[in-house]
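Quick notes on the structure that follows.
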Amino acid sequence: MEHSEVIIIGGGPAGSACAGKLRQHNVDCLVLDRAVFPRDKLCAGWITPEVLDDLNTSPPDYPHGIIPLKKMYITFRGIKFKVPTLQYSIRRYEFDNWLLQRSRAPVITHNVKQIERRNGSFIIDGAYSCNHIVGAGGTTCPVYKTFFNKSESRLDENLIVTQEEEVPYEYTDPNCYLWFMENKLPGYAWYVPKANGYINIGVGGKEYGLKKQNDSIKRHWDILVRKLDEKGLVTGYDFKPKGHSYYLRNKESKLRRGNAYIIGDAAALATVDMGEGIGPAVRSGIYAAEAIAAGKKYTLDDIAKRSIRWKWLRFGK
Ligand SMILES: Cc1cc2nc3c(=O)[nH]c(=O)nc-3n(C[C@H](O)[C@H](O)[C@H](O)COP(=O)(O)OP(=O)(O)OC[C@H]3O[C@@H](n4cnc5c(N)ncnc54)[C@H](O)[C@@H]3O)c2cc1C
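Numbers in this note's numbering are just positions in the sequence shown, counted from 1, shifted up by 478.
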């Protein structure tokens, strides 16, 4: 059986940030992920400057395509405005692979099915053992399923369903567009340009709200495709979107049970206003690592609950 002091299940932004911080503290850790990296991850791939700060990096150091989004064109219930800001657009296919490699943690491709407690250790599928286990496996994380109760971390009202696709497309408009609450969508639709000729388009909304009005996220996807066509943003493309669901932050998310930790989407940490999950995933990964390596408290303090903050806005810049 292979033993490591810490095993992290999931090598997305949460797992990689955790692994990277543990390695900085010289703590022995291993990442298990069922996917072979680089892997696709459904995500608009919009990140804040804080994410880069937390990762101790900056756009010139990032080895793949990154586009600064200096304005966001927002439509809120039909009212249009332009928000000066500084955010970035990356492709998750590249970003996650870079982050995982950068962590310098050993990574094994393994689909975790069963986790048991035996004599104070965690045993994973009878093949791996560890003293601390970190659940970074997203919405379906096996650590979450084994050691946490739904009522402690996830609220049905906070489940977000999505339809999304990232495609190569020779776009002519390099701006980012967001459409909030249009056609009764309890969420928003987006058009996010990427470097090297890609775009990401999608819709996300609360499943609870959609069900209440007998609506579906697929209907809003169709509306978005028509809108992009009418506006000339994306025309004549044969889309094949996919869906993924994840939870927004709960008031009292439970993050730790003994030596079992959950981070990122496994802990339901996406912001309540924008469903931004990469920043909370990275920060929670770092905090869990510091709790393991340095005995710090692992709490939600300093993990942003909302994305829209005054420092987002850059009037006059
Ligand atoms: C359509 C969509 C758009 C989004 N847009 C944005 C955005 O623009 N900006 C933003 O900040 N957030 C966005 N989010 C949220 C963001 O994608 C997530 O919050 C973020 O990916 C969470 O990171 P994570 O590391 O916790 O999980 P993930 O990135 O999901 O990584 C989990 C990893 O665990 C692995 N795994 C799962 N189960 C197992 C298992 N049993 N065994 C082994 N490995 C396993 C998976 O293969 C995966 O690699 C979006 C989400 C969606 C669905």
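Beta carbons are placed, not taken as given, at the ideal position from N, Cα and C, and that holds for glycine.
Is the beta carbon of residue j closer than 7 Å to that of residue i?
i	j	result
E642	G680	yes
V484	C608	yes
Y725	A759	no
I764	A495	yes
N589	R512	yes
R727	F625	no
Where does the unbroken alpha helix (DSSP H) through residue i begin, and where does it stop?
i	result
C496	491–502
Q579	570–581
G665	Here G665 belongs to no alpha helix (DSSP H); instead the beta strand (DSSP E) covers 665–672.
Throw me the rounded Cβ distance for the residue i and residue j pair, which I believe falls under 8 Å.
i	j	result
A673	I586	Their Cβ separation, rounded to whole angstroms, is 31 Å, which puts A673 and I586 out of contact at 8 Å.
Y606	M479	7 Å
T475	K783	Limits of the chain in this structure are 479 at one end and 795 at the other, which puts residue 475 out of reach.
Should residue i go down as buried or exposed, given a rule of 16 or more other Cβ atoms within 10 Å for buried?
i	result
T777	exposed
G683	buried
H481	exposed
V612	buried
D634	exposed
I557	exposed
N534	exposed
Q592	exposed
G742	buried
R787	exposed
Indicate whether at least one CB of chain B lies closer than 7 Å to the CB of residue i.
i	result
D743	Looking for chain B here will not work: only one protein chain is present.
Could you tell me the boundaries of the beta strand (DSSP E) in which residue i lies?
i	result
P546	545–554
R596	593–596
E642	637–646
G834	The requested residue 834 is not part of the displayed model; the chain covers only 479 to 795.
T650	Per DSSP, T650 belongs to no beta strand (DSSP E) and is neither H nor E.
T563	557–567
K684	676–684
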